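Just so you know, UniProt numbering puts 96 at position 96 of the sequence shown, and the rest follows in order with no gaps.
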Amino acid sequence: MRAALTRYRIIAYVVGVVLVVLMAIGMPLKYLGDNSTVVETVGPAHGFLYMIYLIAVFDLGRRAQWPIGRMLLVMLAGTIPFVSFYAERKVAHWFRTTTEPAEPVAVTS
Numbered sequence: 001m002r003a004a005l006t007r008y009r010i011i012a013y014v015v016g017v018v019l020v021v022l023m024a025i026g027m028p029l030k031y032l033g034d035n036s037t038v039v040e041t042v043g044p045a046h047g048f049l050y051m052i053y054l055i056a057v058f059d060l061g062r063r064a065q066w067p068i069g070r071m072l073l074v075m076l077a078g079t080i081p082f083v084s085f086y087a088e089r090k091v092a093h094w095f096r097t098t099t100e101p102a103e104p105v106a107v108t109s
C-alpha cells in the first residue's frame, strides 16, 4: 500500500502544480493578454494528468478501504487550485495514523 501512496503523492503534486500554472499564468495570459498558447498546451496536459490522478486515488482508496465519500472528496481535490496540496497532506496523515505499527511488546520468558 505504501507504493500506492507514493504514486498518489507524486501525481497529486504534479496535478496541483500544473493546475496552478494553468490558472495563475495561462488564464490571465488568455483573457488579459490575448495569448492562449499556455492554455492550449497546459490545459490538455492537466486533463490527461487529472485522469491519472483519478486512477491513483481510486487505487489508493481501494487498498486503504476508504468510504466512497472520502474517495470522491480526494478525487475532487485535483480540480481546485492548491486544494490538491492540502488533500495530499491529509491523505498522508490518514495513512500514517491508520497503518502505524503497534508498539513493540516486551516478551519475557
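For each residue, glycine too, the CB sits at the ideal point set by N, CA and C. Values in this document were obtained by computation on a predicted structure and should not be read as measured data.
Quick check on the burial criterion: 16 or more other C-beta atoms within 10 angstroms. Buried or exposed for residue i?
i          : result
residue 80 : exposed
residue 68 : exposed
residue 22 : buried
residue 47 : exposed
residue 26 : buried
residue 88 : buried
residue 86 : exposed
What residue range does the alpha helix (DSSP H) around residue i cover?
i          : result
residue 48 : 37-64
residue 27 : 27-31
residue 12 : 2-21
State the DSSP-derived secondary structure class of residue i, mapped to helix, strand or coil.
i          : result
residue 80 : coil
residue 67 : coil
Measure the beta-carbon distance from residue i to residue j and round it to whole angstroms, keeping in mind my assumption that it falls under 8 Å.
i          : j          : result
residue 42 : residue 57 : In fact, because the Cβ distance is near 21 Å, the residues do not count as touching under 8 Å.
Nearest-angstrom Cα distance between residue i and residue j?
i          : j          : result
residue 96 : residue 83 : 20 Å
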